[in-house]
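Residue 665 is where the sequence shown ends in the working numbering, and the numbering goes up by one at each step. Where a beta carbon is used, it is the ideal one built from N, C-alpha and C, also for glycine. Since we're looking at a predicted model, the values are computed, not measured.
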Amino acid sequence: MVKGKWWQDLAWCSFLVGTALIYYWRYLGWFGAESSFGGTDFTNIFWPLHKFNIHEWQAGRIPLWNNSFSGGVPQIGNTEAAVFYPFGLIELILAGRGEPMTGIYTRLWLDTCVAGIGMYFLVRRLTGQRAAGALAGVAFSLSGLLLGYAADQLSYLEALAWFPLALFCLDRALHARRWVPLAWLSGWCAAPCFLGGYPQMWLILAAAAGVVTISAGAQPGAAGPWRRIGALAIMAISSLSLVTLQLIPAVEFFMNSDRSAPGLGGGYGWVQVLGLVFPGADGDLGMYVGLVALLLAAAALVTARRDLRVACWAVAGLVGLLAALGETTPVYGLVFSHLGFGLFRNQTRNVALLVLSLSVLSGFGLALLMRKVPFANLVGPVMVVVATANLLVVSWGNNWPQPTPFVPVAERYPRILAFLRADQQREPMRFAVDQKADLFSPHEAFAYGLETISGELNFRVKRSYDLIDTDAYWRQWQLFNIRYIVSRRDLKGDGIEEVVEVREGDLRLFRMLYPLPRAHVVWNVRVARDSEQAFRQTLDGSFDPGTDGVLEAELPRALTRPVDGAQQVEVRRLDPTETRIDVQIATEGLLILSQPNYPGWKAEVDGEPADLLRADYAFQGVLVPAGQHHVRVYYDPISFKIGLAITLGSLGVGTLILIRGLLASRR
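Quick look at the structure:
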């Protein structure tokens, strides 16, 4: 039990909030122009994803599907989009300033505050010293990991920020008489890790929760093994059931993604381990928690033999280091690749467990020092201030160049952008980016009413990318309704010409002379026996996607092409989750839409349900009767509905459990 008045906790928490504010103030832009730090994943990927969320919420729609890049992807299933992350509300509130950059930086600051405050309460509880908690909070929230790599990869930061608070509630549950409400609350605190986070960090959270559960057995008044297992199970049930509205669509996306091959085992090299001591030796400051925290963590190891908690966190740190080394050691192939880590491409991110462990151990080290030296009440705060100064100075420029006025990548090429926007108003189309995103970020497309097949995500719709990843570029561009290609290379050739008047420096725009429309009708249909044959037939040189279609199931009756082949097809509405098309044809035909045939998409013809067929390997097809008809194709995923129902049920059950626990504690 920590003695003292509540204002001491408030003072230390204010200190942690203030230090984070010092770091982020230059970017927040609350009272001035919005700023950025240049073209990185933060601006090229996360800014557009978050802006899309804001756009959809403001339009009165849940951000379920993003049709603007990669040919169309499930926004709700993309964990990097963090559709339901709690601090997303801050972005929505601050969006009135224009671009959402101020809201995103405010969100970063709040995440850092949560990380620091959560670690403060966790280590204060474990050590009985407020200064120890504050130092651990500084070591974690201002570490090179959270302020550098994790901040650039926003989903990584938001998966880590809530760890300490969840572990604090779990530890309390393991020592409380009325433990069920606290165990349930720990799950609620862990839920944002799933809502905003990178899935690889979920493995780290599970490991950290295991450390707290095991080490609690050595403390006075701790629960027995079965109750500890029960608390851990309740935490898991509470958190997972609360986030099923996003988790189930994410699993569905994974099952329909191109992530079929094992991840890479690449990690840090042995020399990079020097990054623990020398900032930047690891390449990204990912290991650095500061010299003060590192020395105190080493000092804590002196007590490892008689304190199971220190021993457990030391082992966790070693496990985190080995996991971050990846295939540098044989341990990865023998152990980690079989525990889920092999699903992810970058093993260096596992260093999060090492940083978490070192932060906790640094608190134990300071608590030990304060017991050994005179003037302990002075030594503790001084060490916290020194550690803070160390981390702020070292991390000040970590992945964070000086702020500059924020200009989206696309707006750096105004002539090309204006031309594409004007042409999109004439008829729906997509464009392709021939090279890297930094020449024309594909994720920004939606902000200007544009769509592209280019994009960068950890998961991609498999069938779409089977086609995109081929070398049959002309066929690829036909199928995906590509009308323009942005490139620095000269792509002129048969069927492709340059739009010379919009050339900007070495960036050029090329036009396809014979593009296919977003939707058209065909009467010649080939039936493939399986997906592999459908893929081959779609890319076959004798196949003409303008007049032919490939299906993977027999039609109920043969189609007859009209003598003149005439068709009138007009896309009347094109929203992310809905497409409306007017069709007039003389005989029944197959309407093919250049949109991914993905679970959750449904079709109607004249308001009546219709079968949505898989056409041309990856796209949507609808049988349309002769005459004039209205076709509606819309995204209404059952995965989200099931997840939402479970989430609401979990929220109701959890609220009752917490209210009952609160009332019982007052008796």
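For residue i, collect the residues of the same chain with a Cβ closer than 7 angstroms to its Cβ; drop the 5 residues on either side in sequence, then sort them by chain order.
| i | result |
| --- | --- |
| ASN51 | PRO61, ALA79, VAL81 and GLY86 |
| THR575 | ARG59, LEU62, TRP63, TYR632 and TYR633 |
| VAL569 | PRO426, ARG516, ALA517, THR577 and ILE579 |
| THR104 | LEU26, ILE88 and LEU92 |
| ALA207 | LEU165, LEU168, LEU230 and MET233 |
| LEU90 | ILE52 and TRP55 |
If you run the structure through DSSP and keep just helix, strand and coil, what is residue i?
| i | result |
| --- | --- |
| MET510 | strand |
| GLN151 | coil |
| VAL666 | Residue numbering for the chain in the displayed model covers -1 to 665; residue 666 lies beyond these limits and cannot be assessed. |
| PHE342 | coil |
| TRP4 | helix |
| SER236 | helix |
| SER485 | strand |
| ILE202 | helix |
| LEU497 | One point to set straight first is that residue 497 is Val, not Leu, in the sequence displayed. In the structure shown, VAL497 sits in coil (DSSP, three-state: anything other than H, G, I, E or B). |
| GLY363 | helix |
| GLY73 | Rather than Gly, the amino acid found at residue 73 in this sequence is Gln. Of the three classes helix, strand and coil, the one that applies to GLN73 here is coil, per DSSP. |
| VAL178 | helix |
| SER529 | helix |
| THR17 | helix |
| GLN565 | strand |
| THR575 | coil |
| ASP280 | coil |
| GLN56 | helix |
| SER335 | helix |
| ARG570 | strand |
| HIS691 | Residue numbering for the chain in the displayed model covers -1 to 665; residue 691 lies beyond these limits and cannot be assessed. |
| ASP580 | strand |
| PRO607 | strand |
| LEU646 | helix |
| VAL300 | helix |
| ASN65 | coil |
| VAL249 | helix |
| PHE373 | coil |
| HIS173 | coil |
Among residues of its own chain, excluding the 5 on either side of residue i, which ones have a beta-carbon nearer than 8 angstroms to its beta-carbon?
| i | result |
| --- | --- |
| HIS627 | ASP580, VAL581, GLN582, VAL603 and ASP604 |
| LEU514 | GLN476, LEU477, ASN479, PRO543, GLY544 and SER592 |
| VAL519 | GLN565, VAL567, VAL581, ILE583, GLY587, LEU588, LEU589, ILE590 and VAL622 |
| ARG176 | GLY659, ALA662 and SER663 |
Who does residue i pair with in a DSSP beta bridge?
| i | result |
| --- | --- |
| LYS600 | TYR632 |
| PHE429 | THR450 and TYR482 |
| GLU552 | DSSP lists no partner for GLU552. |
| PHE617 | PRO594 and ALA613 |
| LEU26 | None, per the DSSP bridge assignment. |
| ASN522 | ASP546 |
| ALA322 | For ALA322, which the question treats as bridged, DSSP gives no partner whatsoever. |
| GLY587 | VAL622 |
| SER255 | VAL459 |
| LEU505 | GLU502 |
| ALA517 | LEU591 |
| GLY491 | ILE494 |
What residues in its chain sit with their C-beta under 6 angstroms from that of residue i, if we drop five residues either side in the sequence?
| i | result |
| --- | --- |
| ALA321 | PHE334 and ASN348 |
| THR17 | THR386 |
| ALA188 | ALA164 and SER237 |
For the stretch 352 to 371 against the stretch 323 to 341, do three or more pairs of beta-carbon atoms, one drawn from each stretch, fall closer than 8 angstroms, so that the two count as touching? no
Are the stretch 468 to 478 and the stretch 518 to 527 touching, with three or more C-beta to C-beta distances below 8 angstroms? With the cut-off at 8 angstroms, the stretch 468 to 478 and the stretch 518 to 527 do not touch.
The stretch 630 to 647 in contact with the stretch 235 to 251 per 3-pair CB rule at 8 angstroms: yes
Is the stretch 188 to 208 close to the stretch 157 to 169, with three or more CB pairs under 8 angstroms? yes
Evaluate the contact criterion for the stretch 591 to 603 versus the stretch 450 to 457: three or more CB pairs, one atom per stretch, below 8 angstroms. no
Would you call the stretch 283 to 302 and the stretch 356 to 368 in contact, with 3 or more CB pairs under 8 angstroms? Contact check between the stretch 283 to 302 and the stretch 356 to 368: three or more CB pairs, one atom from each, fall below 8 angstroms, which counts as touching.
Assess contact between the stretch 409 to 420 and the stretch 41 to 57, defined as three or more Cβ pairs (one per stretch) separated by less than 8 angstroms. Is contact present? no
Taking three-plus beta-carbon pairs below 8 angstroms as touching, is the stretch 494 to 504 in contact with the stretch 531 to 551? no
Taking 8 angstroms as the cut-off, does the stretch 126 to 146 touch the stretch 1 to 16 (at least 3 CB pairs, one atom from each stretch)? Three or more beta-carbon pairs drawn from the stretch 1 to 16 and the stretch 126 to 146 are found closer than 8 angstroms, and the two stretches are therefore classed as touching.
Taking 8 angstroms as the cut-off, does the stretch 655 to 662 touch the stretch 180 to 200 (at least 3 CB pairs, one atom from each stretch)? yes
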